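Report on the structure given below.
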Amino acid sequence: MASLPAFRVIERARVSPPPGGVSESTLPLSFFDLAWVNAGAVERVIFYHLPHSTSYFFDSILHDIKSSLSLALQQFYPLAGKICHPFDKYEIHYADGDSVPFRVAEYEADFEDISSSHARDIDVLRPLVPQQPKSDAGRVPLLALQVTVFPNQGAAIGVAVHHAACDGLSSIRFMSCWASTCAQALSCRELLVPH
């Protein structure tokens, strides 16, 4: 087996809805949601053309991506919360200051090959999807995000969202909200052209 392209995480951060923008709240899980409590995450990777360097991405685009994510999380605030199991029920609990892990990576893979519509080696794709954070004291995180820059080629946004909180369509709605919010920032317009 050939060696995998170089992959490195450049930044680890946490992004939350704007401070004070969302009140503490609890959302009980329905009977239908409970079937997914122990299921894996809904994972998505979306590719974008970005013929610029990693330093250009950091200097001109990353701030808009993070700030628009914060605003999107204000609309989809339960995704910044956690699943809790108090007493005999399951619920999603959000408190001001809750956040989602957000990491930025650089990948030396061939963007055109990895983003095209042919069969690909899963080991080459796996680094594009963020790991769902581990449960902490019975509180299960719901969302993890990663932006991977392919220098001078493109970028990919990887999403892992807990299935009990969000099905495939709902995760796409969240991503659409985030993309729409980001598109309002001039420096993001070129990034938001899906491949």
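Residue numbers (this note's numbering): 18 to 212.
Beta carbons: idealized from backbone N, C-alpha and C, even for Gly.
The model shown is predicted, which means the values in this text are computed figures rather than measured ones.
Bridge partners - residue i, DSSP secondary structure assignment
i    : result
C101 : E108
I139 : Paired residue(s): none; I139 is not in a bridge.
S42  : Y111
A30  : F119
F24  : Y124
A177 : E60 and A161
V166 : E123 and A172
Burial state of residue i (16 or more Cβ within 10 Å)
i    : result
F48  : exposed
I139 : exposed
H102 : exposed
G171 : buried
S132 : buried
K99  : buried
G114 : exposed
P144 : buried
S197 : exposed
A52  : exposed
Where residue i sits in the DSSP three-state scheme
i    : result
D153 : strand
L160 : strand
G171 : strand
F93  : coil
E123 : strand
A52  : coil
C194 : helix
D130 : helix
A200 : helix
G37  : coil
P144 : helix
S295 : Since the first residue shown for the chain is 18 and the last is 212, residue 295 is missing from the structure and cannot be characterised.
Any C-beta of chain D under 9 Å from that of residue i
i   : result
T71 : Included in the structure is just one protein chain, with no chain D present.
Cβ separation of residue i and residue j, assumed to be a contact under 8 Å, to the nearest whole Å
i    : j    : result
F167 : F128 : 4 Å
A202 : V54  : Not confirmed; about 36 Å, so no contact.
V146 : A97  : Contact flag wrong, Cβ pair sits at about 19 Å.
C183 : S85  : 19 Å between Cβ atoms; not a contact.
What are the uninterrupted segments assigned as alpha helix (DSSP H) that are 4 or more residues long and contained completely in the region 56-82, given in chain order?
71-77
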